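Read in UniProt numbering, the sequence shown has 118 at position 118, and its numbers run on one by one without any break.
Every residue gets a Cβ at the ideal spot worked out from N, C-alpha and C, and that includes glycine.
Predicted, not measured: the structure shown is a model, and the values here were computed from it.
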Amino acid sequence: MESIPIYRPWHHLSPWARLCNTPHWCNTVLEPEGGRMPEQSNDYRVVVFGAGGVGKSSLVLRFVKGTFRDTYIPTVEDTYRQVISCDKSVCTLQITDTTGSHQFPAMQRLSISKGHAFILVYSITSKQSLEELKPIYQQVLAIKGNVEAIPIMLVGNKSDETQREVETKDGEAQANQWKCAFMETSAKTNHNVTELFQELLNLDKKRNMSLNIDGKRSGKQSRAERLKGKCSVM
Numbered sequence: 001m002e003s004i005p006i007y008r009p010w011h012h013l014s015p016w017a018r019l020c021n022t023p024h025w026c027n028t029v030l031e032p033e034g035g036r037m038p039e040q041s042n043d044y045r046v047v048v049f050g051a052g053g054v055g056k057s058s059l060v061l062r063f064v065k066g067t068f069r070d071t072y073i074p075t076v077e078d079t080y081r082q083v084i085s086c087d088k089s090v091c092t093l094q095i096t097d098t099t100g101s102h103q104f105p106a107m108q109r110l111s112i113s114k115g116h117a118f119i120l121v122y123s124i125t126s127k128q129s130l131e132e133l134k135p136i137y138q139q140v141l142a143i144k145g146n147v148e149a150i151p152i153m154l155v156g157n158k159s160d161e162t163q164r165e166v167e168t169k170d171g172e173a174q175a176n177q178w179k180c181a182f183m184e185t186s187a188k189t190n191h192n193v194t195e196l197f198q199e200l201l202n203l204d205k206k207r208n209m210s211l212n213i214d215g216k217r218s219g220k221q222s223r224a225e226r227l228k229g230k231c232s233v234m
C-alpha cells in the first residue's frame, strides 16, 4: 500500500524518510475499509474513543498528517500506522479512529480487547460528550481489568473554543476518579496534539517508547518530558 505524505513542522524531513531514502514520506498509512493490513506482533495499538463531532479524527489527522479539516465527516473506522522508537528498536504505532460512542458493541469490545492504550475524547463545548465516555470507560474496565496498569488519557478537545461547557477542573476531576491522565487539546490550533501522543507513550511502564526514531533531541521539551524525563518529542 502506498504511504501517505506527512508534513512534520518539527522536521524538514522525517527520520523514517531519511532511513528509507524517500524524501518527504513517512511510513504512515491510512487503511481503507475492506483493505485492512495484517497486524504485526510489535504493533503498539492505540484506540481513540469519543462521541461524534468531538474531534477524534481531527486529532489523529493533525498528528499524522499535520492537517486540519473544518468539515465534520462521520468516521466508519480508520486505522493509521506510524513508525516509532520502542526499547532501542523500532515498532509500529497503530492508531484506530473509531466510529464514536455509538459504535457497535461487538466492534467496541474487539477494539478494547486488542488495544494497548486508549484516548477518550470529549469536547469542552459539550457536557454530553463527557457523559458519553462513561460507559466506554466502564467497558474498558470490564475487559482490561486493572486500568491503573493501562495507559488511558482523558482528552478535552476544542480548547480554542470560547463556549465552554466543561471546565478544566471538571475534566481533571473525572480523570482523577478514573485514575487516568488528562490533557486539553485543540486539533484546530495544534495545541498539545503531539504532546498528547508522547504522554500516552510515557504512561506505558512496560516499554520505553518515543515518537523520535533517530536519537536526536528537540530543543523544545514537552510537559511530559519535563515532568518524567523518559521520552523526547520531535
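*Would you say the stretch 139 to 150 touches the stretch 95 to 115, given that touching needs at least three Cβ pairs under 8 Å?*
yes
*asked:* With distance defined between alpha-carbon atoms, name the residue in GLY50, LYS88 and ALA51 nearest to ASN212.
replied: Within the sequence shown, residue 212 is the residue found at index 212, counting from 1. If we check each option's Cα against that of ASN212, LYS88 comes out closest.
_Which of the three DSSP states is assigned to ARG109 in this structure?_
For the purposes of this step, residue 109 is taken as the residue at position 109 of the sequence shown. Helix, per DSSP.
_Taking the beta carbon of residue 282 as the centre, do at least 16 other beta carbons fall within 10 Å, making it buried, or is it exposed?_
The structure shown does not extend to residue 282, since the chain is modelled only from 1 through 234, so no value can be given for it.
_Candidates GLY156, THR189 and PRO151: closest to GLN128 by CA position_ = Taking the first residue of the sequence shown as position 1, residue 128 is located at position 128. Distance check between GLN128 and each of GLY156, THR189 and PRO151 places GLY156 closest, using alpha-carbon atoms only.
*Proximity to THR71 [Cα-Cα], best of SER58, ARG62, HIS116 and ARG45*: Looking up residue 71 in the sequence shown gives position 71. The shortest C-alpha separation from THR71 is found at SER58.
*Does the beta-carbon distance from THR92 to VAL47 come in below 9 Å?*
Taking the sequence shown and counting its residues from 1, one reaches residue 92 at position 92. Taking the sequence shown and counting its residues from 1, one reaches residue 47 at position 47. It is not a contact, given that the beta carbons lie outside the stated cut-off.
*Cβ-Cβ distance between GLY50 and ASN190 below 9 Å*: Taking the sequence shown and counting its residues from 1, one reaches residue 50 at position 50. Taking the sequence shown and counting its residues from 1, one reaches residue 190 at position 190. No, these two residues do not count as a Cβ contact at 9 Å.
*Excluding sequence positions up to five away, which residues of its chain have a Cβ less than 7 Å from the Cβ of GLY55?*
Taking the first residue of the sequence shown as 1, we reach residue 55 at position 55. Excluding positions up to five away in sequence, the list reads VAL121, SER123, ASN157, LYS158 and ALA187.
*asked:* My output table needs one value for LEU196: the three-state DSSP class, helix, strand or coil.
replied: If you number the sequence shown from 1, residue 196 lands on position 196. Residue state, collapsed to three classes: helix.
*Kindly indicate the opening and closing residues of the beta strand (DSSP E) around GLU172.*
Along the sequence shown, one-based indexing puts residue 172 at 172. Run containing GLU172: none in the beta strand (DSSP E); it sits in the alpha helix (DSSP H), 168 to 178.
*Between the CA atoms of THR98 and THR79 - distance to the nearest angstrom*: On the sequence shown, position 79 is the one that residue 79 refers to. On the sequence shown, position 98 is the one that residue 98 refers to. Taking the straight line from one Cα to the other gives about 9 Å.
*Excluding sequence positions up to five away, which residues of its chain have a Cβ less than 6 Å from the Cβ of VAL182?*
Position 182 of the sequence shown, counted from the first residue, corresponds to residue 182. Looking at the sequence shown, residue 182 is not Val but Phe. Around PHE182, the same chain offers LEU154, GLY171, GLU172 and ALA175 as residues with beta carbons nearer than 6 Å, after the five sequence neighbours per side are excluded.
*asked:* Among ALA117, GLY52 and PHE68, whose alpha-carbon lies nearest the alpha-carbon of LEU203?
replied: Residue 203 sits at position 203 when you count from the first residue of the sequence shown. LEU203 has its Cα closest to that of ALA117, out of ALA117, GLY52 and PHE68.
*For GLY115, collect the residues of the same chain with a Cβ closer than 6 Å to its Cβ; drop the 5 residues on either side in sequence, then sort them by chain order.*
On the sequence shown, residue 115 is found 115 positions in, with the first residue counted as 1. Excluding residues within five positions, the ones whose Cβ falls inside 6 Å are ARG45 and VAL47.
*By DSSP, does ARG62 sit in helix, in strand, or in coil?*
For the purposes of this step, residue 62 is taken as residue 62 along the sequence shown, with counting starting at 1. The answer is helix: DSSP assigns ARG62 an H, G or I state.
*Check ALA117 in the structure and name its three-state DSSP category.*
To locate residue 117, count along the sequence shown from 1; it is residue 117. In the structure shown, ALA117 sits in a strand (DSSP, three-state: E or B).
_Taking only three categories from DSSP, how would you classify ASN154?_
Along the sequence shown, one-based indexing puts residue 154 at 154. The sequence given here has Leu at residue 154, not Asn. Correct three-state label for LEU154: strand.
_Among GLU77, GLN138 and PHE68, the one whose alpha carbon lies nearest that of TYR152_ = Taking the first residue of the sequence shown as position 1, residue 152 is located at position 152. At residue 152 the sequence reads Ile, which differs from the Tyr that was named. Comparing Cα-Cα distances from ILE152 to each of GLU77, GLN138 and PHE68, the minimum goes to GLN138.
*SER57 (DSSP reduced to helix, strand or coil)*: Residue numbering aside, residue 57 sits at position 57 when the sequence shown is read from its first letter. Helix at SER57.
*Who pairs with ASP78 in a beta bridge, going by DSSP?*
One-based indexing of the sequence shown puts residue 78 at position 78. In the DSSP output, where bridge partners are listed per residue, ASP78 has ASP97.
*Starting from the Cα of GLY53, find the closest Cα among GLN94, SER126 and CYS86 and give me that residue.*
As a first step, residue 53 must be located in the sequence shown, where it is residue number 53. The residue with the shortest Cα to Cα distance from GLY53 is SER126.
*Looking at the structure shown, is ILE143 part of a helix, part of a strand, or coil, going by DSSP?*
Locating residue 143 in the sequence shown gives position 143, where the first residue counts as 1. ILE143: helix per DSSP, three-state reduction.
_Best match in ARG81, CYS86 and PRO135 for proximity to PRO105 [C-alpha to C-alpha]_ = Residue numbering aside, residue 105 sits at position 105 when the sequence shown is read from its first letter. It is PRO135 whose Cα lies nearest to the Cα of PRO105.
*Below-9 Å beta-carbon distance, TYR122 vs any chain D residue*: Judged by its chain identifiers, the structure shown contains no chain D, having just a single protein chain.
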